[in-house]
Amino acid sequence: MDTLICVLFITSNKCYNHFAIAMNICEPGQDRNVAALSIMFMCGGLLVMDRDIEFMKEALKEAELASLEDEVPIGCVIVKDDQIIARSHNQRDKSHNPLGHAETLAIKKASEVINDWQLVDCSLYVTIEPCIMCSGAIIQSRIKRVVYGAPDIKGGAFGSSINILEASNINHRPEVVKGVLEKECADIIKNYFKSKRK
Ligand SMILES: [Zn+2]
């Protein structure tokens, strides 16, 4: 249910606070405007989750491209105003470049597209939790929101190995959402290394 339908539902259906009570988001006797707002937030949240899944699927397509190039399959897309403005995948081996991670390459492309190093209204979707280098690039580029799929226990810098957001005095802290299509994002890496061991 998108936000518009939700608003129409709320304004046209006199039973909406019964609906809210049934959904456990409103107590009997609670103000119906509170119920309406609760439903709107819930529907808005579902809409954001839908979009996150859609864009993570695009990041997974980039990871598949990396796999075809015999690179560790990590993919990334950057979104502004609900549109993908940059996409990339890990190219470290092919380019002999230790900086060639999916995120850093996508950040560079996005900056070129909008002609600005500050990606303040952008969201970054990446299949695996960003490393220390990439989380630094995310902070430096002022990306507003980071969505990642699977955690990286050994190298993840948003809580798995270290949490860069706990550093004192950093001048930017993006919103971080984790676990979107986590199994798919983890499986593509596991399958890649399994095939390498054969
Ligand atoms: Zn990285």
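Everything in the sequence shown is counted per my numbering, starting at 73 for the first residue and increasing by one. We treat Cβ as the ideally placed atom computed from N, Cα and C, and that holds for glycine.
To the nearest angstrom, report how far apart Val185 and Met205 are at their CA atoms. 22 angstroms
If you measure between the beta carbons of Ser160 and Ala178, is that distance less than 8 angstroms? yes
Are at least three pairs of beta-carbons, each pair with one atom in the stretch 251-260 and one in the stretch 127-138, less than 8 angstroms apart? yes
Glu247 (DSSP reduced to helix, strand or coil): strand
Buried or exposed (CB count within 10 angstroms, at least 16 for buried), Leu171: With fewer than 16 other Cβ atoms within 10 Å, it is exposed.
Under 8 angstroms, do Glu175 and Val144 count as touching if we go by C-beta distance? No, they are not a contact pair.
Cβ of Glu175 within 7 angstroms of any heavy atom in ligand 1? Under cutoff, so the answer is yes.
Looking at C-beta atoms only, is the number of pairs between the stretch 228-236 and the stretch 185-194 that lie closer than 8 angstroms three or more? No, the stretch 228-236 does not touch the stretch 185-194.
CB-CB under 8 angstroms to Asn235, same chain, minus the five flanking residues each way: which ones, in chain order? Ala229
So for Ser213, helix, strand or coil by DSSP? coil
Just to check my reading of the structure: Ile146 and Asn162 have Cβ atoms closer than 8 angstroms, yes? What is that Cβ distance to the nearest angstrom? 4 angstroms
For Val120, does the count of other Cβ atoms within 10 angstroms reach 16, so buried, or fall short, so exposed? exposed
Taking C-alpha atoms, which residue in Arg123, Asp154, Ala135 lies nearest to Tyr264? Ala135
Ends of the beta strand (DSSP E) at Ser195? That run of the beta strand (DSSP E) goes 194-200.
Can you tell me whether Ala239 is buried or exposed? The criterion is at least 16 other CB atoms within 10 Å of its CB, across all chains shown. Under this definition Ala239 is an exposed residue.
Lys152 bridges to which residues according to DSSP? Gln155, Cys194
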